[in-house]
Amino acid sequence: MAETTIEWTDATWNPVAGCSIMSAGCTNCYAMRMAARLEAMGLEKYKGLTRKSGGRPKWTGALYLDEAALSVPAGWMKPRNVFVNSMSDLFHPDVPVDFIRKVWVAMSNTRRHTYQILTKRPDRMAAILSNGFTVLPNVWLGTSVEDGRVLHRLDDLRNVPAAIRFVSFEPLIGSVAGGHLDNIQWAIVGGESGPKARSLKPVWVDEIFDMCTDAGAAFFFKQWGGVNKKAAGRSYRGTTWDQMPALSM
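Under the working numbering, the first residue of the sequence shown carries the number 489, and numbering increases by one thereafter.
Structure follows, in structure tokens:
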């Protein structure tokens with residue numbers, strides 16, 4: 489577990505490390521850079537997960553299943569929001585269903601915590617969780633949508649049995665005007681940050697804000713992003729939007 493500066497959660501928990509590039513939103517993935525840094529620091533868990541390509545780290549596709557990490561949440565006495573697998577994707581095709589089940593047991597046994605799971609593979613998430621998995625009230629399930637080319641993930645997410653469904657529109661690199669948030673309770677919106685950040689157009693944020701209003705979904709604006717994300721800030725329409733979903737929604 490690690491404390492985090494991610495605005496919409498309190499901590500990260502990584503029972504899996506490593507991933508593979510899925511779509512355009514992965515191009516400047518912060519987790520690839522972080523994994524390379526952690527390997528350079530000598531952490532065995534991240535060894536061989538990235539390689540240098542074009543002067544930058546890229547996923548190799550290798551994964552590390554961290555059995556020891558499964559017991560970590562039981563040691564956290566204070567309830568917290570936990571982003572699961574910030575350094576991977578729990579529903580990557582190479583994560584065995586048996587291991588996902590172990591993660592489910594760990595979350596079920598620690599219901600004082602709220603777990604937030606994001607995937608770029610909501611089709612696999614829906615298929616697996618519809619087959620013998622219990623819907624846990626403390627587990628929120630979401631997908632990442634970066635532009636209109638991957639709007640089909642919203643439909644896949646609606647097929648996921650979940651107490652709370654959410655979408656991370658981050659990094660938002662294009663319009664998602666063709667989508668809607670029916671049966672989805674929360675939207676996180678953010679621009680890409682870092683030295684090669686792609687720009688975020690305000691109209692794209694407006695589109696999602698309107699979707700949230702129409703669907704009654706909570707709206708969380710994380711950042712405008714850019715090379716200097718702190719300077720760009722996270723104010724939208726003159727205020728800070730930190731809305732969170734409620735189980736009653």
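A virtual CB, placed ideally from N, CA and C, is assigned to each residue, including glycine. Quick caveat: nothing in here was measured; it's all calculated off a predicted structure.
Mapping DSSP to helix, strand and coil, what is residue i?
i	result
Gly-682	coil
Glu-491	strand
Gly-636	helix
Gly-513	helix
Arg-525	helix
Arg-445	With the chain covering 489 to 737 only, the question about residue 445 has no answer from this structure.
Asp-498	coil
Val-664	coil
Ser-508	coil
Trp-674	strand
Lys-748	A question about residue 748 goes unanswered here, because the residues of the chain that appear run from 489 up to 737.
Val-693	helix
Lys-535	coil
Compare the C-beta of residue i with all C-beta atoms of chain B and state if any pair is closer than 8 Å.
i	result
Phe-657	As a matter of chain content, chain B is missing from the structure shown, which is built from one protein chain.
Given residue i, which residues of its chain have a CB within under 8 Å of its CB, disregarding the five upstream and five downstream residues?
i	result
Ser-736	Annotation note: pLDDT 47 at Ser-736 (below 50); position unreliable, coordinate value reported separately. Result list for Ser-736: empty, nothing under 8 Å.
Leu-639	Val-633, Val-664, Gly-666 and Gly-667
Glu-527	Tyr-534, Lys-535, Gly-536, Leu-537 and Thr-538
Val-715	Ser-681, Gly-682, Pro-683 and Ala-685
Tell whether a beta-carbon distance below 8 Å holds between residue i and residue j.
i	j	result
Pro-561	His-601	yes
Pro-659	Arg-686	yes
Gly-713	Gly-678	yes
Val-633	Val-593	no
Ile-605	Val-655	no
Val-733	Ala-703	Reading off the sequence shown, one finds Pro at residue 733, where the question assumed Val. Not in contact: Pro-733 and Ala-703 (Cβ atoms no closer than 8 Å).
Gly-682	Asn-569	no
Phe-708	Asp-694	no
Leu-624	Met-595	yes
Asp-554	Asn-502	yes
Short of 7 Å in beta carbon distance, which residues of its chain neighbour residue i, apart from the five on each side in sequence? Order them along the chain.
i	result
Arg-599	Asn-626
Thr-607	Asp-577, Leu-578, Phe-579, Met-613 and Thr-631
Ala-490	Ala-499 and Thr-500
Phe-621	Trp-592
Leu-617	Val-648 and Pro-649
Thr-728	Arg-722
Gln-673	Ile-652, Arg-653, Phe-654, Ala-705, Ala-706, Pro-733 and Met-737
Ala-524	Thr-538 and Pro-545
Which same chain residues, not among the five before or five after residue i, have their C-beta less than 6 Å away from its C-beta?
i	result
Ile-696	Phe-657, Ala-675 and Val-677
Tyr-552	Ala-505, Gly-506 and Lys-533
Arg-609	Phe-579
Ala-519	Met-575
Ile-661	Glu-634, Asp-635 and Arg-686
Thr-493	none
Leu-645	Pro-610, Thr-631 and Arg-653
Phe-587	Leu-553
Task: Secondary structure, alpha helix (DSSP H): runs of 4+ residues fully inside the stretch 545-570 - done: Counting whole runs of 4 or more residues, the stretch 545-570 contains no alpha helix (DSSP H) stretch at all.
- [ ] Decide if the stretch 508-521 is in contact with the stretch 583-601; the criterion is three or more beta carbon pairs, one per stretch, under 8 Å apart.
- [x] Contact check between the stretch 508-521 and the stretch 583-601: fewer than three CB pairs, one atom from each, fall below 8 Å, which does not count as touching.
Open item on the list: Could you check whether the stretch 494-502 touches the stretch 544-551, counting it as contact only if at least three pairs of C-beta atoms, one from each stretch, sit closer than 8 Å?
Closed with: The stretch 494-502 makes no contact with the stretch 544-551: fewer than 3 CB pairs, one atom from each, lie closer than 8 Å.
Task: Whole beta strand (DSSP E) elements within the stretch 569-643, 3-residue minimum - done: Entirely contained in the stretch 569-643, the beta strand (DSSP E) runs reaching 3 residues are, in chain order, 569-572, 602-607 and 627-632.
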